[in-house]
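Undergrad:
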Amino acid sequence: MKQRQVLSKFVFASLAALAIGGMLVVGGCKKEGASSDSGGKTEAAFLYNLNVEPTTLNPITGTDAYNQTIQNYVLDSLMTRNPDTYEWEPALASAVETSKDGKSFTFTLREGAVWSDGQPITVDDVKFSFDVINDPTYNAAHLRPYYEGIASAEIVAPNKVKFTTKNLYFGNFNVVAGLTILPKHFYGNAEEGKKKNKTILGSGPYVLERYDQGQAIILAKNPKWWGLQDPARKGSYNFERIRMRFDKEENLALERLKKGELDYDGLTPEAFVKKTEGAPWGERVFKKKVENSAPKAYGYIGWNMRKDLFKNKDVRRALAHLMNREEMNQKFRYGMSLPATGPWYQQSVYADPSVKPINFDPKHASEMLAKAGWIDGDKDGVLEKDGKKFEFTLFFANKDNEKYYILYQEDLKKAGIKMNLQLLEWNALLKNVDEAKFDAIAMGWGGGSVDHDPKQIWHSASIGTGGSNFIGYKNAKVDTLIDKARTELDKKKRIPLYREIYREIAADAPYVFMFNDKFALYAVNKRIQQPKETFLYTVGHDYWSMTAQ
Numbered sequence: 006m007k008q009r010q011v012l013s014k015f016v017f018a019s020l021a022a023l024a025i026g027g028m029l030v031v032g033g034c035k036k037e038g039a040s041s042d043s044g045g046k047t048e049a050a051f052l053y054n055l056n057v058e059p060t061t062l063n064p065i066t067g068t069d070a071y072n073q074t075i076q077n078y079v080l081d082s083l084m085t086r087n088p089d090t091y092e093w094e095p096a097l098a099s100a101v102e103t104s105k106d107g108k109s110f111t112f113t114l115r116e117g118a119v120w121s122d123g124q125p126i127t128v129d130d131v132k133f134s135f136d137v138i139n140d141p142t143y144n145a146a147h148l149r150p151y152y153e154g155i156a157s158a159e160i161v162a163p164n165k166v167k168f169t170t171k172n173l174y175f176g177n178f179n180v181v182a183g184l185t186i187l188p189k190h191f192y193g194n195a196e197e198g199k200k201k202n203k204t205i206l207g208s209g210p211y212v213l214e215r216y217d218q219g220q221a222i223i224l225a226k227n228p229k230w231w232g233l234q235d236p237a238r239k240g241s242y243n244f245e246r247i248r249m250r251f252d253k254e255e256n257l258a259l260e261r262l263k264k265g266e267l268d269y270d271g272l273t274p275e276a277f278v279k280k281t282e283g284a285p286w287g288e289r290v291f292k293k294k295v296e297n298s299a300p301k302a303y304g305y306i307g308w309n310m311r312k313d314l315f316k317n318k319d320v321r322r323a324l325a326h327l328m329n330r331e332e333m334n335q336k337f338r339y340g341m342s343l344p345a346t347g348p349w350y351q352q353s354v355y356a357d358p359s360v361k362p363i364n365f366d367p368k369h370a371s372e373m374l375a376k377a378g379w380i381d382g383d384k385d386g387v388l389e390k391d392g393k394k395f396e397f398t399l400f401f402a403n404k405d406n407e408k409y410y411i412l413y414q415e416d417l418k419k420a421g422i423k424m425n426l427q428l429l430e431w432n433a434l435l436k437n438v439d440e441a442k443f444d445a446i447a448m449g450w451g452g453g454s455v456d457h458d459p460k461q462i463w464h465s466a467s468i469g470t471g472g473s474n475f476i477g478y479k480n481a482k483v484d485t486l487i488d489k490a491r492t493e494l495d496k497k498k499r500i501p502l503y504r505e506i507y508r509e510i511a512a513d514a515p516y517v518f519m520f521n522d523k524f525a526l527y528a529v530n531k532r533i534q535q536p537k538e539t540f541l542y543t544v545g546h547d548y549w550s551m552t553a554q
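For the sequence shown, the numbering used here gives the first residue as 6, with consecutive numbering after it.
1. With a CB to CB cut of under 8 Å and the five nearest residues on each side skipped, what residues in its chain are close to residue 327?
2. Determine, using beta carbons only, whether residue 355 and residue 192 come nearer to each other than 9 Å.
3. Considering only the alpha carbon of each residue, which of 252, 344, 79, 107 lies closest to residue 242?
4. Using a C-beta cutoff of 9 Å, does residue 287 count as contacting chain D?
5. From residue 347 to residue 163, what distance separates their C-alpha atoms?
6. Excluding the 5 residues flanking residue 111 on each side, which residues of the same chain have their C-beta closer than 6 Å to its C-beta?
7. Using alpha carbons as the reference points, say which of 177, 194, 140, 538 lies closest to residue 108.
8. DSSP three-state label for residue 376, please.
9. Please look up how many angstroms separate the CB atoms of residue 216 and residue 203, rounded, as I've assumed it's under 8 Å.
10. Taking the beta carbon of residue 273 as the centre, do at least 16 other beta carbons fall within 10 Å, making it buried, or is it exposed?
11. Taking residue 347 as part of the alpha helix (DSSP H), name the residues at either end of that continuous run.
12. In whole angstroms, what is the alpha-carbon distance linking residue 407 and residue 126?
13. Can you have a look at residue 5 and say buried or exposed, based on whether 16 or more other CB atoms are within 10 angstroms of its CB?
14. With which residues is residue 427 paired in a DSSP beta bridge?
15. Just the Cα atoms here: how many angstroms apart are residue 229 and residue 312?
16. Assuming contact is defined by CB atoms lying nearer than 9 Å, are residue 462 and residue 474 in contact in what I supplied?
17. Please check the pair residue 65 and residue 199, which I expect to be a contact at CB under 8 Å, by giving their CB distance rounded to whole angstroms.
18. Going by alpha carbons, who is nearest to residue 288 out of 279, 209, 263?
19. Would you call the CB atoms of residue 447 and residue 395 closer than 9 Å?
20. Helix, strand or coil: which one does DSSP assign to residue 549?
21. For residue 88, count neighbouring C-beta atoms within 10 Å of its own C-beta (all shown protein chains included) and say buried if the count is 16 or more, exposed if not.
22. Does residue 173 pass the burial test, meaning 16 or more other C-beta atoms within 10 Å, or should it be called exposed?
23. Leaving out five residues on either side along the sequence, give the residues of the same chain with a beta carbon under 8 Å from the beta carbon of residue 361.
24. Span of the beta strand (DSSP E) holding residue 250?
25. Going by Cα to Cα distance, which pick from 515, 331, 138 is closest to residue 321?
26. On the criterion of 16 or more Cβ atoms from any shown chain inside 10 Å, does residue 472 qualify as buried, or is it exposed?
27. For residue 155, which residues in the same chain have their Cβ closer than 8 Å to its Cβ, ignoring the five residues on either side in sequence?
28. Would you check if there are 3 or more beta carbon pairs closer than 8 Å linking the segment 374-394 to the segment 425-442?
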């Protein structure tokens, strides 16, 4: 599933590494992660920068990638993906049987698995975890598009749950295999469950030890985790504790890396090239540039298509022609990124390679705007139409990215468009997004799955409170193609359908699609031991360990 997020470091550095950020020490706690050169012995805590504080820890209602990062450590799914093959492997389910007609999947629960509070994990928990998605009292609208093809979860034995499908959908098995399993005894009361925003209970490798709002989240190793007894999980989740801090400012995070107060953080291309030279870089902290096949995130500026200003496709394409991404790429990203061409990462087999990025072309943009009726009739430097000036406000939530928007603002101004910039806190930004109270929004999408489903973001059925099509994009042809592609089980036949969807959305320009990264860029403390710099589908943080201090 894709996770929306603020354009933190344009999300690419951290999301290519599967949404990992960094964290820290909180008031009243023993300082951890001091440089090994300090001569002191430190606790075995992985110090990690999450960049932004999650809006909630609730796994049912949470929609951003920061919430998902916590879930990945604290909760389990029925099955898990191999980081090198991308094949499904057992997790809370020890086995699965698929019916001959492919319309049902029966999972056998792992024997002896318990929640971190010691209560046994049961088939009731699995059924609850599915049923809660369609329970309107829990506000899980963002998850429903994925599971709409699943008719029911039925308990068929004390240790078996059978999922039956409503219809053909290529992702039916993927969504049930990846279903996050929740403790019914903890979240089962709807009114109480949806209020649990600052705590989380699961069966995963870590438990929430402490949450200091505005400062840090501390996770501790779960001694009751089933994986500790599973040979297949050997070598994973080695850190005794994980401290996650919410440092949005890049320079502050870099200073923490240099001081040993962070063990890991994603790097922007600018930081990789310009801000990571000289001691202690290359001595106590190292920068890495790796390539893998993980789905790539992208940043965007999205237009609220409910607004008259952005309903005209020529206007939206003109706005895209006025963003000088090539200059941004060279000036801020040092040529390490690709101008994005459409609604998911262009390296995907599902992206149409014939679609080219909308190039910077102010002359053509002016012609398109004039064709749409926008002219500077009163010669005040701002275009107008029907007595209304071409003026709007862009909401964004990361100060480090403001330089991109200022550059864009200047080029828009030359074309007669006034774009105001407004920096918001992440929670405030999400509130405006969920309530559709914005003109334009700067955010990003995580890469999602290799075999992703565009319905969550691009189908008109996903418009509405809590949905991910929050810009209000509607295209009947795209809806039809998405519906058809979802029922095509043969990947080779699904690819051309997806590519047509890609072409249609790219042509509509509902976003200014910004960049796809070529590399995962990150920094790591020398005390962190890596089995290898990257796996095929992830950098592999879950397999890192720490030297004795």
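Even glycine gets a Cβ: it sits at the ideal position worked out from N, Cα and C.
TA: Walking through what the data contain:
1. 365, 367, 370, 413, 416, 417, 420, 422
2. no
3. 79
4. Looking for chain D here will not work: only one protein chain is present.
5. 47 Å
6. 102, 165, 167
7. 177
8. helix
9. 6 Å
10. buried
11. Counting along the chain, residue 347 falls outside any alpha helix (DSSP H), and DSSP gives it neither H nor E.
12. 47 Å
13. With the chain represented from 6 up to 554, any question about residue 5 goes unanswered, as that position is not in the structure.
14. 400
15. 52 Å
16. yes
17. 7 Å
18. 263
19. no
20. coil
21. buried
22. exposed
23. 346
24. 246-250
25. 515
26. buried
27. 135, 168, 169, 170, 171, 177, 180, 181
28. no
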